[in-house]
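Trainee: Let me give you the structure first, and then I'll get to my questions.
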Amino acid sequence: MRKVHFKGVALPWLLLLPQLVITGVFFFWPAGQAVWQSFLREDAFGLSSQFVGFENFADVLADPSWLDAAGRTLVFSVAVAFLALASALFLAVQADKQIRGANAYKTLLIWPYAVAPALAAVLWLFMFHPNIGIFGRMLNAMGIAWDYKLDGTQAMILVILASAWKQVSYNFIFFLAGLQSIPKSVLEAAAIDGARPLRRFWTVTFPLLSPTAFFLLVVNLVYAFFDTFGVIHSLTQGGPGKSTETLIYRVYTDGVMNLNLGSSAAQSVILMILVIGLTIIQFRYVERKVHY
Amino acid sequence: MLRRRDLALATAGTAIAAPALAQSGPVEIQFWHGLAQPLGGLLEAIAGQFNESQNRARIVSSFRGGYPETMVAAIAAFRANAAPHIVQMFEVGTGTMMAAGRAIKPLHELLRETGVSINFDDYLPAVRGYYSLADGRMMSMPFNSSTAIMFYNKDAFRRAGLNPEQAPRNWAEMRQAAQRLRAAGVEIPFTTAWPTWTQIEQQSAIHNVEIASLENGFGGLNTELRLNNPLMQRHFTTLLEMGREGGFRWGGRDAAGDALFANGQAGMVHASSGARARFVRELPGGVANLGAAMLPFYDDVSGAPINSIIGGASFWAMNRGPAGGRSEAENRAIAEFFAFIARPEVAAKWHTDTGFLPVTRTAFEAVRATGFYTQNPGADIPIQQLLRGSGTMTGASRGIRLGGFVEIRTIMQEEMERALQGQQGAEQALANSVQRGNVVLRNFERTNRG
Numbered sequence: 052m053r054k055v056h057f058k059g060v061a062l063p064w065l066l067l068l069p070q071l072v073i074t075g076v077f078f079f080w081p082a083g084q085a086v087w088q089s090f091l092r093e094d095a096f097g098l099s100s101q102f103v104g105f106e107n108f109a110d111v112l113a114d115p116s117w118l119d120a121a122g123r124t125l126v127f128s129v130a131v132a133f134l135a136l137a138s139a140l141f142l143a144v145q146a147d148k149q150i151r152g153a154n155a156y157k158t159l160l161i162w163p164y165a166v167a168p169a170l171a172a173v174l175w176l177f178m179f180h181p182n183i184g185i186f187g188r189m190l191n192a193m194g195i196a197w198d199y200k201l202d203g204t205q206a207m208i209l210v211i212l213a214s215a216w217k218q219v220s221y222n223f224i225f226f227l228a229g230l231q232s233i234p235k236s237v238l239e240a241a242a243i244d245g246a247r248p249l250r251r252f253w254t255v256t257f258p259l260l261s262p263t264a265f266f267l268l269v270v271n272l273v274y275a276f277f278d279t280f281g282v283i284h285s286l287t288q289g290g291p292g293k294s295t296e297t298l299i300y301r302v303y304t305d306g307v308m309n310l311n312l313g314s315s316a317a318q319s320v321i322l323m324i325l326v327i328g329l330t331i332i333q334f335r336y337v338e339r340k341v342h343y
Numbered sequence: 127m128l129r130r131r132d133l134a135l136a137t138a139g140t141a142i143a144a145p146a147l148a149q150s151g152p153v154e155i156q157f158w159h160g161l162a163q164p165l166g167g168l169l170e171a172i173a174g175q176f177n178e179s180q181n182r183a184r185i186v187s188s189f190r191g192g193y194p195e196t197m198v199a200a201i202a203a204f205r206a207n208a209a210p211h212i213v214q215m216f217e218v219g220t221g222t223m224m225a226a227g228r229a230i231k232p233l234h235e236l237l238r239e240t241g242v243s244i245n246f247d248d249y250l251p252a253v254r255g256y257y258s259l260a261d262g263r264m265m266s267m268p269f270n271s272s273t274a275i276m277f278y279n280k281d282a283f284r285r286a287g288l289n290p291e292q293a294p295r296n297w298a299e300m301r302q303a304a305q306r307l308r309a310a311g312v313e314i315p316f317t318t319a320w321p322t323w324t325q326i327e328q329q330s331a332i333h334n335v336e337i338a339s340l341e342n343g344f345g346g347l348n349t350e351l352r353l354n355n356p357l358m359q360r361h362f363t364t365l366l367e368m369g370r371e372g373g374f375r376w377g378g379r380d381a382a383g384d385a386l387f388a389n390g391q392a393g394m395v396h397a398s399s400g401a402r403a404r405f406v407r408e409l410p411g412g413v414a415n416l417g418a419a420m421l422p423f424y425d426d427v428s429g430a431p432i433n434s435i436i437g438g439a440s441f442w443a444m445n446r447g448p449a450g451g452r453s454e455a456e457n458r459a460i461a462e463f464f465a466f467i468a469r470p471e472v473a474a475k476w477h478t479d480t481g482f483l484p485v486t487r488t489a490f491e492a493v494r495a496t497g498f499y500t501q502n503p504g505a506d507i508p509i510q511q512l513l514r515g516s517g518t519m520t521g522a523s524r525g526i527r528l529g530g531f532v533e534i535r536t537i538m539q540e541e542m543e544r545a546l547q548g549q550q551g552a553e554q555a556l557a558n559s560v561q562r563g564n565v566v567l568r569n570f571e572r573t574n575r576g
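Protein chains in written order, with our numbering: chain A, 52 to 343; chain B, 127 to 576.
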């Protein structure tokens with residue numbers, strides 16, 4: 052890339068200003084407030100507040116139900132990321148083949164990405180609600196006691212499926228682009244050497260796709276951590292019991308519903324540290340892996 | 127320097143002048159409520175009638191989502207100095223609002239300052255008691271009060287060979303009826319809406335058992351939960367056993383259980399008396415198929431049953447924000463609106479339209495005189511149930527006043543769900559609820575002491 056040099060400092064700062072203002076107002080200010088809030092204990096109306104140091108953090112980390120939620124989030128995120136990645140990869144490989152109507156097929160697969168999480172959840176609700184859902188009723192009619200409103204495992208399966216489905220399109224686009232950028236000559240050479248399609252996929256295509264796959268893994272984990280609030284809120288509200296309550300959902304319940312701002316802020320600061328960690332890992336790894 | 131101060135004074139002057147100027151037109155009163163249709167429309171119609179009845183004030187109603195969302199929105203608005211003048215708050219939020227200090231304008235203070243009078247002696251004791259201080263001074267304006275009653279599907283009763291005119295009176299009969307309904311192919315013999323309200327709070331009240339010390343929290347913020355008692359252990363065991371034999375089905379949290387009865391799937395439901403309007407409209411077979419009865423009880427508990435407690439919501443007058451209060455004209459308008467909704471004809475119409483309680487005796491008598499209860503059998507069940515027993519409320523049946531009650535209800539629902547999944551027994555569920563709920567109470571006590 053060609054470097055551009057500006058005379059003086061005024062112009063570059065001016066050009067940077069809009070972005071800096073946006074980052075400051077919409078990121079640093081609220082994040083700073085969250086950090087400050089996490090050291091306070093306040094009543095709901097904000098009429099009295101008391102500085103308590105790290106007490107909120109200590110309470111959160113010592114709370115067994117928070118630790119349960121952390122474990123649950125891990126299971127949930129890994130399951131969502133795995134399902135979303137595996138099915139997207141499968142679909143992308145199929146779409147990459149020379150088939151009739153490939154374009155229509157690709158477009159259809161990309162559509163779910165445009166569906167808002169809450170709407171995605173409602174679609175799944177209409178399919179799997181034990182009393183009004185088509186498949187829910189069907190399962191019950193077949194003698195399987197399907198009631199995700201009371202069965203924690205079933206509820207977890209449902210939110211995982213709905214969350215993963217929502218992310219498949221995004222992964223599909225990236226995998227497809229990745230597949231299309233693999234040089235045909237490499238695959239042809241392998242074919243001439245006598246490698247069968249499945250072997251060609253695992254020994255040639257998949258390793259060449261690994262930077263894309265790793266990038267997507269991080270993005271999917273972050274998605275499962277933070278963006279699945281809408282799905283969970285519309286389907287289960289974290290229940291039954293606490294069986295679908297993830298860390299981000301808990302931040303919402305404690306802060307917005309229970310009006311326990313100090314604890315909620317402390318939890319979001321912990322989450323912020325987690326995501327910063329994930330991002331650092333991603334940058335390090337992707338940077339090393341980029342020259343393949 | 128001097129000029130700058132003049133400028134500051136001038137700006138302050140305009141800020142003060144603005145509301146004064148507005149007095150030439152009607153004072154606008156922001157009113158946030160949490161009732162979805164059709165109830166929300168009926169409520170806004172009452173505000174509309176008030177607007178037409180005079181020209182000094184205009185109520186601007188807006189729907190803010192369900193009760194919990196409305197509560198959260200009002201609190202957030204207060205923090206941003208933009209609180210509504212009046213907010214409709216469900217009964218669970220009462221404890222939080224009472225402790226809210228200068229965020230709220232207590233009703234007794236509002237009425238004294240504006241000279242508007244409302245005769246609270248006419249209000250049903252259960253309603254008045256829920257929203258007043260220990261010394262009887264009113265804190266908020268009662269409006270849509272309900273209580274939990276039982277609704278049953280007469281057609282399902284006929285199919286199961288049960289008497290459609292006689293609902294089960296106690297839990298032994300409940301269980302039998304559920305078994306008969308189940309045998310007759312009714313998918314969900316018994317379910318409940320508002321599970322903690324109907325099964326924990328109401329059942330405790332009618333058996334005269336406190337759910338929390340210090341008269342369910344009326345006596346102070348240092349109250350502790352007392353859920354793990356023999357009555358609740360027995361009742362949870364009943365529900366768990368009924369669940370296992372297919373007689374009881376969990377309908378979901380909050381109002382979710384209503385839908386199972388409204389679509390005809392459930393044979394019996396414990397729900398808010400305010401759900402009557404919906405059931406009359408939606409239940410297959412309509413009003414002729416809708417049975418209403420008082421909540422069942424354990425007939426070997428001596429003294430039981432006494433009165434049930436109310437639910438629903440009341441109207442709170444709020445200050446604008448941490449930085450300021452309200453003008454005299456605004457307070458007067460709020461008080462006049464409250465006096466308007468206290469009128470017997472307004473309260474009576476709301477009662478007959480919706481199934482919520484007639485909150486005053488005059489309204490109740492007026493409705494009875496029209497023959498409404500003979501034409502709509504069962505519509506007076508909630509009132510009868512509120513007056514059941516000796517007629518005097520006890521510390522266990524006056525109401526519940528716990529800080530952070532929204533969170534405590536969620537905790538109780540979670541523990542019930544885990545018990546019904548078979549992960550824990552009745553006693554464990556209650557012990558966990560007590561232990562987790564007391565943490566909430568202690569936190570609330572700590573942040574609201576000052």
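For glycine and all other residues, C-beta sits at the position ideal for the given N, C-alpha and C.
1) Alpha carbon to alpha carbon, what distance is there between Glu296 (chain A) and Ala206 (chain A)?
2) Given a limit of 7 Å on CB to CB distance, which residues of the stretch 354-381 of chain B reach chain A?
3) Note down, one range per segment and in chain order, each alpha helix (DSSP H) of at least 4 residues found wholly within the stretch 311-373 of chain B.
4) Suppose the cutoff is 6 Å on Cβ atoms and the five residues either side in sequence are ignored; what does the same chain contact list for Tyr343 (chain A) look like?
5) Would you call Leu65 (chain A) buried or exposed, if buried means 16 or more other Cβ atoms sit within 10 Å of its Cβ?
6) Determine which residues of the stretch 287-298 of chain A have a Cβ less than 8 Å from any Cβ of chain B, and write them out in chain order.
7) Check the DSSP bridge columns for Phe157 (chain B) and list the partner residues they point to.
8) Helix, strand or coil for Glu93 (chain A) per DSSP?
9) Considering only residues of the same chain and omitting the five flanking positions on each side of Ile185 (chain A), which have a CB-CB separation below 7 Å?
10) Using a Cβ cut-off of 7 Å, pull out every chain B residue sitting near Ala95 (chain A), in sequence order please.
11) By how many angstroms is the C-alpha of Gln180 (chain B) removed from the C-alpha of Tyr424 (chain B)?
12) Give the straight-line distance between the Cα atoms of Ala241 (chain A) and Val86 (chain A), rounded to the nearest whole angstrom.
13) Is any beta-carbon of chain A found at less than 8 Å from that of Leu546 (chain B)?
14) In the DSSP assignment, what residue or residues form a beta bridge with Gly447 (chain B)?
15) Quick check on the DSSP output: the beta strand (DSSP E) that includes His396 (chain B) runs from which residue to which?
16) Does DSSP put Trp442 (chain B) in a helix, a strand or coil?
17) Helix, strand or coil for Leu62 (chain A), going by three-state DSSP, please let me know.
18) What does Val532 (chain B) touch in chain A if you count any residue whose Cβ is under 7 Å from its own?
19) Which two residues bound the contiguous beta strand (DSSP E) that contains Ala418 (chain B)?
20) Using only alpha-carbon positions, find the residue among B:Asp426, B:Ala419 and B:Gln391 that is nearest to Gly411 (chain B).
21) Once DSSP output is grouped into helix, strand and coil, what is the label at Ser214 (chain A)?
22) So if I threshold CB-CB distances at 7 Å, which residues from the stretch 192-207 of chain A count as touching chain B?
23) Trp442 (chain B): buried (16+ other C-beta within 10 angstroms of its C-beta) or exposed?
24) Scan the stretch 391-423 of chain B for residues whose Cβ lies nearer than 8 Å to a Cβ of chain A and list them as they occur along the chain.
25) Flag this pair as yes or no: are the beta carbons of Phe277 (chain B) and Ala397 (chain B) separated by less than 8 Å?
26) What are the residues in the stretch 80-104 of chain A lying within 7 Å of chain B by C-beta distance?
27) Terminal residues of the continuous alpha helix (DSSP H) containing Phe133 (chain A)?
28) Please check the pair Leu421 (chain B) and Ile275 (chain B), which I expect to be a contact at CB under 8 Å, by giving their CB distance rounded to whole angstroms.
29) Among A:Leu238, A:Leu286 and A:Leu322, which one has its Cα closest to the Cα of Leu272 (chain A)?
30) Does Arg568 (chain B) get closer than 8 Å to chain A when you measure Cβ to Cβ?
31) Would you tell me roughly how many angstroms separate the C-alpha atoms of Gln149 (chain B) and Gln156 (chain B), rounded to the nearest one?
32) Does the Cβ-Cβ distance between Ala198 (chain B) and Arg535 (chain B) come in under 8 Å?
33) Against chain B, which members of the stretch 174-191 of chain A pass a CB distance test of less than 7 Å?
34) Excluding the five sequence neighbours on either side, which residues of its own chain have a C-beta within less than 7 Å of the C-beta of Gly451 (chain B), listed in chain order?
35) Name the DSSP bridge partner or partners of Thr273 (chain B)?
36) Return the first residue and the last residue of the beta strand (DSSP E) that Phe102 (chain A) is part of.
Mentor: In brief:
1) A straight line joining the alpha-carbon of Ala206 (chain A) with that of Glu296 (chain A) spans about 11 Å.
2) Residues of the stretch 354-381 of chain B whose Cβ lies closer than 7 Å to any Cβ of chain A, in chain order: Trp376, Gly378 and Arg379.
3) As far as the stretch 311-373 of chain B is concerned, its whole alpha helix (DSSP H) runs of at least 4 residues are 329-332, 339-342 and 356-370.
4) Note that Tyr343 (chain A) scores a pLDDT of 45, beneath 50, so its modelled location is shaky; the value from the coordinates is reported in the next line. Around Tyr343 (chain A), the same chain offers no residue with a beta carbon nearer than 6 Å, after the five sequence neighbours per side are excluded.
5) Here Leu65 (chain A) is exposed: its Cβ has fewer than 16 other Cβ atoms, across all protein chains shown, within 10 Å.
6) Correct list: Gln288, Gly290, Pro291, Gly292 and Lys293.
7) Under DSSP, the beta-bridge partners assigned to Phe157 (chain B) are B:Ser187 and B:Ile212.
8) Assignment of Glu93 (chain A) by DSSP, reduced to helix, strand and coil, places it in the strand class.
9) Taken in chain order, the residues that qualify are Met178.
10) Neighbours of Ala95 (chain A) on chain B, chain order: Ile201 and Thr222.
11) When only Cα atoms are considered, Tyr424 (chain B) and Gln180 (chain B) end up about 52 Å apart.
12) One C-alpha to the other measures close to 55 Å.
13) Closer than 8 Å to some Cβ of chain A, the Cβ of Leu546 (chain B) qualifies, so yes.
14) Beta-bridge partners of Gly447 (chain B) (DSSP): B:Gly450.
15) Note, His396 (chain B): beta strand (DSSP E), Ala392 to Ser398.
16) In the three-state scheme derived from DSSP, where H, G and I count as helix and E and B as strand, Trp442 (chain B) is classed as strand.
17) Looking at Leu62 (chain A) - three-state DSSP - the assignment turns out to be helix.
18) Per Cβ cutoff of 7 Å: Met308 and Asn309.
19) Note, Ala418 (chain B): beta strand (DSSP E), Leu416 to Ala419.
20) Out of B:Asp426, B:Ala419 and B:Gln391, B:Gln391 has the C-alpha closest to the C-alpha of Gly411 (chain B).
21) Note: Ser214 (chain A) maps to helix in three-state DSSP.
22) Within the stretch 192-207 of chain A, the qualifying residues are Lys200, Leu201, Asp202 and Gly203.
23) Around the beta carbon of Trp442 (chain B), 16 or more other beta carbons lie within 10 angstroms, which makes this residue buried.
24) Taking a C-beta cut-off of 8 Å against chain A, the contacting residues of the stretch 391-423 of chain B are Gln391, listed in chain order.
25) At the C-beta level, Phe277 (chain B) and Ala397 (chain B) come within 8 Å of one another.
26) Listed by position along the chain: Arg92, Glu93, Asp94, Ala95, Phe96, Gly97, Leu98 and Ser99.
27) Start and end: Pro115 to Asp147.
28) Indeed, because the Cβ distance is near 6 Å, the residues count as touching under 8 Å.
29) Looking at A:Leu238, A:Leu286 and A:Leu322, the one whose alpha-carbon comes closest to that of Leu272 (chain A) is A:Leu322.
30) Not one chain A Cβ lies under 8 Å of Arg568 (chain B).
31) No answer about Gln149 (chain B) holds up, because its pLDDT of 48 lies below 50 and its placement is not dependable.
32) Ala is not the amino acid found at residue 198 (chain B); the sequence shown has Val there. No, these two residues do not count as a Cβ contact at 8 Å.
33) Going along the stretch 174-191 of chain A in chain order, one finds Asn182 with a Cβ nearer than 7 Å to chain B.
34) Contacts found: Asn445.
35) The partner list for Thr273 (chain B) (beta bridge, DSSP) reads B:Ile436.
36) Its beta strand (DSSP E) spans residues Ser100 to Phe102.
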